[in-house]
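The structure appears right after this line, and notes come after that.
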Amino acid sequence: MGQNGSSVGRMASRPATVASGLVLLGFGTVPLVAAVIGSFRPLNGDANQVSLAGYAVLLAGPRIVEIAQVIERTAAATVIALLLGVPAAYFLKQLRSSRLQLLALALLLTPWLVSDMLRAFGWQLALSPNGIVSTLWSVVFGAPLEGLRYNHGAALLGLVASTLPISVLATFAALPRSGSSEWLAARELGGPDHVFRVMALGQARLGIAFGACMTFLLCLFASAEPQMLDGPTRTSTFTIAASLSNVGVSALMAFGVVMLLVTASMFAALVFAWLAYHRPRAQPLPLDIVLPPNGQCQGLRRPRRGLADRAVILVPPLCCCIAVLLCLCPLAALGLEALRQPSAAGDSWGFEAFRLFASSPDLIAALSRSAVLAVAVAMLAAAGGFAMSMTIWNPARARIVLLSMVILALLPGEVYALGLLQVAKAAGWAQGAPFLVAIAHLIWIIPFTTGSLMIANTAIGRSVIEAALELGSPPTLVATKFVGRINWGAVVAAILLSFTLSLNENTRASYLGGSEPSLANDVFGRLQAGLLPENRGIFAIELMLVAAALVSAAVILEVLFRASRERTGG
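According to the numbering used here, the stretch in the sequence shown is residues 499 to 1068, in order.
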């Protein structure tokens, strides 16, 4: 029986797949169509005329050069994140201690509980002449470092540190379990270099591609790191969009359409390269295989490459340590700043920031509203992503879902928010309604959850799902009781990822939230106003969120190991 007609295809219901795809495409493409139509309006906004003035403004002046600078920085950050993230994930997957493995993943995920503006500000503190980096350097070499911040290198460092978790997690999820037959076969056929090429660059290539795409998109539309760490230009898509919005809405919409075409072209090039790589071709016989007269193959083990093997042994753990340090460095700087109490007589240490937070009703209201909204978005995004990840066992329907996810992931935040705002005005919805922000966040986040859970599901063989279905279990029960239990860690990670992305998102919330308070907007406004004493309460919020993340990770670890002991009878 064909793949699409086998019993495992029942895991992806056709009506559910089509309905979910249409709903997501509707929420995603209707605002996009409104944005495309708006890009062909005159700068004065006259809806009865068609004009290319917005595109003319975009092509005039230095904006094309600025767009090229943003794309160049994005590409560099993506490459560096992959060069660190892939070996780090390869090392973590081979750790024999599950507790140490999950602890390292929790440390990598913890910084995402911190607002991107505060993470960038943490790097600003860490790279200052009196920061952590300069202090450690002076202890070792006797002289402080200067000139580390406010340049392109600092912005690139901040982007790499912010996007490392997605490249590590995507590759980690795509790798088979360490004790599986794939690992055993790879080790039998060659040394560490061969195992790395077969597993990290072969088995995990889907995760690497997904991580590269998501890293590229996050870096492309990032605004906090260029705003806080770059030099005088502070060039980012946010600054370009802000300058164009002062000219006219049509110019901003034209910028969004151009960025959409740029990212779509890159994705298309990636797809064509992928198809060309997987085109069937003749496989030459390795020269090191000896064929005796009786036809029995001997000498299958590849010759060891001493230098390459040693590099594979040493580089992945080093990359893992660097990744953890890069993720935790801004948090350490923020933690020290939260406990520091500046005064005219000198600095002291205490918990003044927590008192400032407790006495700030605006901060409490912003945190409460953002947390409630983030919880709702996280549950919906994880549930929707889990349901759509079942299509991985039905290639035809999986392509529909993946196409929908790619379209949603390509939507620039500013353009989508303005397009949705125009749709809301036409429908008579009030600006600032929480469901508008929830829709925008859900459309932005669900590609991350769907892609990560699809990658996690690839570790479950089709034959296993077919066996469960042939025993009489309905697809819903197999999905929840079987797939859900196996990939429970991936589902929890998807929930935490969705929560943190929604909690700290600034662009969509600022356009659609109106005057309603949100944590990201409050943090952004306070940092823009300067680090006044009354604004230091924001550090207390971030410390509490980090502490909550560590406690949650500890609880999840304990639940996982108790369940594991119960299953094994230990």
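Here a beta-carbon is modelled for each residue, glycine too, at the ideal position from N, C-alpha and C.
* To do: Between the Cα of Asn-1002 and those of Ile-890, Ser-734, Met-751, Val-1021, spot the shortest distance and give me the residue it belongs to.
  => Here residue 1002 is taken as the residue at index 504 of the sequence shown, counted from 1. Asn-1002 has its Cα closest to that of Val-1021, out of Ile-890, Ser-734, Met-751, Val-1021.
* First and last residue of the alpha helix (DSSP H) that includes Met-952? -> Residue mapping note: residue 952 aligns to position 454 of the sequence shown, counting from 1. Per DSSP, Met-952 belongs to the alpha helix (DSSP H) from 932-955.
* Ranges of the alpha helix (DSSP H) found wholly within the segment 849-885, counting only runs of at least 4 -> 850-856
* **Asp-728 classed as buried or exposed, judged by whether at least 16 other C-beta atoms fall within 10 angstroms** => For the purposes of this step, residue 728 is taken as the residue at position 230 of the sequence shown. So Asp-728 ends up on the buried side.
* To do: Below 8 Å on the Cβ atoms is my guess for Ser-665 versus Gly-583; work out the distance and round it to an integer in Å.
  => As a position in the sequence shown, residue 665 is number 167, starting the count at 1. As a position in the sequence shown, residue 583 is number 85, starting the count at 1. Going by Cβ atoms, the distance from Ser-665 to Gly-583 rounds to 3 Å, so yes, they are a contact pair.
* Under 8 Å between C-beta atoms of Leu-995 and Phe-933 -> Counting from one through the sequence shown, the residue named residue 995 turns up at place 497. Counting from one through the sequence shown, the residue named residue 933 turns up at place 435. In this structure, Phe-933 does not lie closer than 8 Å to Leu-995 by Cβ.
* Beta-carbon separation (whole angstroms), Thr-1005 vs Ala-915, contact threshold 8 Å -> Taking the sequence shown and counting its residues from 1, one reaches residue 1005 at position 507. Taking the sequence shown and counting its residues from 1, one reaches residue 915 at position 417. That belief holds up - the Cβ atoms of Thr-1005 and Ala-915 are roughly 7 Å apart, short of 8 Å.
* **Where Ser-846 sits in the DSSP three-state scheme** => Position 348 of the sequence shown, counting from 1, holds the residue named residue 846. In this structure, Ser-846 counts as strand in the three-state DSSP scheme.
* What do you reckon, are the CB atoms on Leu-673 and Gln-701 nearer than 8 Å? -> Locating residue 673 in the sequence shown gives position 175, counting from the first residue. Locating residue 701 in the sequence shown gives position 203, counting from the first residue. Yes, the pair counts as a contact, with Cβ atoms nearer than the cut-off.
* To do: Mark Glu-457 as exposed unless 16 or more other C-beta atoms lie within 10 angstroms of its C-beta, in which case mark it buried.
  => Here the chain covers residues 499 to 1068 and nothing more, so residue 457 does not appear.
* DSSP-derived helix/strand/coil call for Arg-571 -> Taking the sequence shown and counting its residues from 1, the one referred to as residue 571 is at position 73. Helix, per DSSP.
* Apply the 10 Å Cβ neighbour rule to Met-903 and answer buried if 16 or more other Cβ atoms are within range, or exposed otherwise. => Translated into positions along the sequence shown, residue 903 becomes position 405. Buried.
* Asked: Are Phe-997 and Ala-872 close, meaning C-beta to C-beta below 8 Å?
  -> As a working mapping, residue 997 is identified with position 499 in the sequence shown. As a working mapping, residue 872 is identified with position 374 in the sequence shown. Yes.
* **Pro-973 to Thr-669 span [Cα, whole Å]** => The residue you call residue 973 lines up with position 475 of the sequence shown. The residue you call residue 669 lines up with position 171 of the sequence shown. Cα to Cα, Pro-973 sits roughly 28 Å from Thr-669.
* To do: Decide if Leu-662 is buried, meaning its Cβ has at least 16 other Cβ atoms within 10 Å, or exposed.
  => In the sequence shown, the residue the question calls residue 662 occupies position 164. Buried, because 16 or more other Cβ atoms sit within 10 Å of the Cβ of Leu-662.
* To do: Could you tell me if Asp-845 is buried or exposed, where buried requires 16 or more neighbouring beta carbons within 10 angstroms of its beta carbon?
  => Working through the sequence shown from its first residue, we reach residue 845 at position 347. Counting Cβ neighbours within 10 Å, Asp-845 comes out exposed, since fewer than 16 surround it.
* To do: Using the Cα positions of Val-760 and Ala-710, report the straight-line distance between them to the nearest angstrom.
  => As a first step, residue 760 is located in the sequence shown; it is residue number 262 there, counting from the start. As a first step, residue 710 is located in the sequence shown; it is residue number 212 there, counting from the start. Straight-line Cα distance between these residues: approximately 16 Å.
* If you compare alpha carbons, which of Ala-931, Met-952, Pro-828 is closest to Ser-482? -> Residue 482 cannot be examined here, being either before or after the span of the chain that is shown, 499 to 1068.
* In terms of residue numbering, what span does the alpha helix (DSSP H) encompassing Asp-807 cover? -> On the sequence shown, residue 807 is found 309 positions in, with the first residue counted as 1. Segment 804-837, the alpha helix (DSSP H) holding Asp-807.
* Asked: Is the segment 546-565 close to the segment 746-760, with three or more CB pairs under 8 Å?
  -> yes
* To do: Within the same chain, show all residues whose beta-carbon is closer than 6 Å to that of Ala-977, passing over the 5 residues directly before and after it, in chain order.
  => As a first step, residue 977 is located in the sequence shown; it is residue number 479 there, counting from the start. Only Met-888 meet the Cβ criterion.
* **Rounded separation between Ala-780 and Ala-992 - CA only** => As a first step, residue 780 must be located in the sequence shown, where it is residue number 282. As a first step, residue 992 must be located in the sequence shown, where it is residue number 494. With a pLDDT of only 45 at Ala-780, under 50, the local geometry of the prediction cannot be trusted, and no value is derived from it.
* To do: For the alpha helix (DSSP H) holding Asn-1002, just list the boundary residues, first then last.
  => Position 504 of the sequence shown, counted from the first residue, corresponds to residue 1002. Element bounds for Asn-1002: 986-1002.
* Measuring alpha carbon to alpha carbon, tell me which of Leu-580, Ala-604, Leu-699 ends up nearest Cys-717. => Residue numbering aside, residue 717 sits at position 219 when the sequence shown is read from its first letter. It is Leu-580 whose Cα lies nearest to the Cα of Cys-717.
* **Pairwise C-alpha distance: Trp-621 and Pro-627** => In the sequence shown, counting from the first residue as 1, residue 627 sits at position 129. In the sequence shown, counting from the first residue as 1, residue 621 sits at position 123. Pro-627 and Trp-621: Cα-Cα distance of roughly 12 Å.
* **alpha helix (DSSP H) segment containing Leu-916, residue limits** => Locating residue 916 in the sequence shown gives position 418, counting from the first residue. Run containing Leu-916: 911-925, per the alpha helix (DSSP H) assignment.
* **Leu-804 versus Ala-587: straight-line alpha-carbon distance, rounded** => One-based indexing of the sequence shown puts residue 804 at position 306. One-based indexing of the sequence shown puts residue 587 at position 89. Before going on, a small fix: residue 804 reads as Gly here, not Leu. One C-alpha to the other measures close to 23 Å.
* Pick from Ile-862, Ser-1016, Arg-867, Val-747: whose alpha carbon is nearest that of Ala-532? -> As a working note, residue 532 is residue 34 in the sequence shown. If we check each option's Cα against that of Ala-532, Val-747 comes out closest.
* Exposed or buried, what is Met-640 when buried is set at 16 or more other beta-carbons lying within 10 Å of its beta-carbon? -> Mapped onto the sequence shown, residue 640 falls at position 142. The identity of residue 640 in the sequence shown is Gly, whereas the question assumes Met. Classification for Gly-640: exposed.
* Classification of Arg-597 by the beta-carbon crowding that lies within 10 angstroms, buried from 16 upward -> Residue mapping note: residue 597 aligns to position 99 of the sequence shown, counting from 1. Exposed, since its Cβ has fewer than 16 Cβ neighbours within 10 Å.
* Where does Glu-723 sit, in a helix, a strand or coil, going by DSSP? -> In the sequence shown, the residue the question calls residue 723 occupies position 225. Helix.
* To do: Inspect the beta-carbon positions of Leu-837 and Gly-848 and report whether they are closer than 8 Å.
  => As a first step, residue 837 is located in the sequence shown; it is residue number 339 there, counting from the start. As a first step, residue 848 is located in the sequence shown; it is residue number 350 there, counting from the start. Taking 8 Å as the Cβ cut-off, Leu-837 and Gly-848 qualify as a contacting pair.
* To do: Flag this pair as yes or no: are the beta carbons of Ile-943 and Val-989 separated by less than 8 Å?
  => As a working note, residue 943 is residue 445 in the sequence shown. As a working note, residue 989 is residue 491 in the sequence shown. No; because the gap between Cβ atoms is not below 8 Å, this pair is not in contact.
* Buried or exposed for Ile-562, please, with buried defined as at least 16 other CB atoms from any protein chain shown within 10 angstroms of its CB. => Residue mapping note: residue 562 aligns to position 64 of the sequence shown, counting from 1. Its Cβ having fewer than 16 others within 10 Å, Ile-562 is exposed.
* To do: Give the secondary structure of Asn-546 by DSSP, where H, G and I count as helix, E and B as strand, and everything else as coil.
  => Locating residue 546 in the sequence shown gives position 48, counting from the first residue. Three-state DSSP puts Asn-546 in coil, outside helix and strand.
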